[in-house]
């Protein structure tokens, strides 16, 4: 073979073995919108990561207003896939509270026991969960386009959603400027990992399918207390009550609140208090500024989370540039 033939053969061979161009990942798309009022809509987004159409409750300022920041608000373990709206809209005054505020509020619907994370494996009971990918990669561009978002975001949550809000913040520091966690457990040492695992198990899921067995590195990878420095510079609000029943508990309604009895709400808030105390100490040790609220009375229930949301709003608003 002559020199020219050898060169041609080499070029052809390079085409044969050249890697195929990477395929673009499928993008989430808006499926449809169902208005509930002039400021509240149910938004349905088709998510490739989740493999289904996801529902969200969305509060938004008046149509035609200038671009606004967005607050993502996560549910707790009391969320249910059987309900047609966020627990925040069913059990708090959130619609009224945000009616005059220049911010988009995006609330998850469903996801009990999921911790709003990407699971290692599908679960026989809780199914296919890739919440982190959905919430942080797929959803923001869809909603910014739909709602006229300005790209400034904050995230908050109660109970299970509190842990998720803190975790998503340190794992995606470029996305969230502020974070609020109400009655959450933001650490995963042996005792507190048991709390997280129990929250999954009580919904019928296997926590090993989420982040693996107890010694799996995925637990540390989702532990806010091991990633304190990634929270530096954020507007942070954390709250917990003592677990001692307060005024709101004297009219406790087991048909309206989660958990289903006052005893469990005492136990869960006591655990959240212990977790918060430890996480507060970690923040102080690392010199990371945060607003941490301890209340003398209160259980793991909605009247106290509603109050915490109200109290945290100035912190979240500051992070959102409001």
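Residue numbers (the numbering used here): 1 to 322.
Beta carbons: idealized from backbone N, C-alpha and C, even for Gly.
Note that the coordinates shown come from a computational prediction; the quantities given were computed from them, not determined experimentally.
Kindly indicate which residue of the options has the alpha-carbon position closest to the one of residue i.
i           : options            : result
residue 315 : 270, 126, 225, 156 : 156
residue 122 : 193, 93, 207, 82   : 207
residue 189 : 88, 225, 201       : 225
residue 116 : 144, 102, 179, 160 : 160
residue 279 : 187, 237, 85, 173  : 187
residue 141 : 47, 276, 87        : 47
residue 270 : 243, 282, 276      : 243
Can you name the residues that DSSP bridges to residue i?
i           : result
residue 182 : 158, 239
residue 46  : 29, 53
residue 68  : 149
residue 176 : In the DSSP output, where bridge partners are listed per residue, residue 176 has none listed.
residue 74  : 157
residue 40  : 59
residue 118 : 130
residue 123 : 127
Taking Cβ positions, are residue i and residue j nearer each other than 8 Å?
i           : j           : result
residue 109 : residue 73  : no
residue 58  : residue 44  : no
residue 84  : residue 39  : no
residue 184 : residue 125 : no
residue 228 : residue 172 : no
residue 241 : residue 139 : no
When burial is assigned at 16 or more other CB atoms within 10 Å of the CB, is residue i buried or exposed?
i           : result
residue 3   : Confidence at residue 3 is low in this model, with a pLDDT of 40, below 50, so its placement is unreliable and the value that follows should be read with caution. The residue in question, residue 3, is exposed, as its Cβ has fewer than 16 Cβ neighbours within 10 Å.
residue 50  : buried
residue 65  : exposed
residue 306 : buried
residue 1   : For residue 1, the predicted model reports a pLDDT of 47, less than 50, meaning its position is unreliable and no value from the coordinates is stated.
residue 196 : buried
residue 92  : buried
residue 223 : buried
residue 143 : buried
residue 17  : Caution applies to residue 17, whose pLDDT of 48 falls short of 50 and renders its modelled position unreliable; the value that the coordinates give is listed next. The residue in question, residue 17, is exposed, as its Cβ has fewer than 16 Cβ neighbours within 10 Å.
residue 163 : buried
residue 309 : buried
residue 202 : exposed
At what residues does the beta strand (DSSP E) containing residue i begin and finish?
i           : result
residue 29  : 29 to 35
residue 87  : That residue, residue 87, is in no beta strand (DSSP E); its alpha helix (DSSP H) goes 87 to 91.
residue 293 : 291 to 295
Since residue i is in the alpha helix (DSSP H), which residue starts that stretch and which ends it?
i           : result
residue 268 : 262 to 286
residue 395 : The requested residue 395 is not part of the displayed model; the chain covers only 1 to 322.
residue 304 : 302 to 319
residue 209 : 207 to 211
residue 97  : 94 to 97
residue 112 : Premise fails: residue 112 is in no alpha helix (DSSP H) and is neither H nor E.
residue 224 : That residue, residue 224, is in no alpha helix (DSSP H); it is neither H nor E in DSSP.
Contact criterion: CB-CB distance below 8 Å. Does residue i meet it with respect to chain C?
i           : result
residue 141 : The chain inventory of the structure shown lacks chain C, comprising one protein chain alone.
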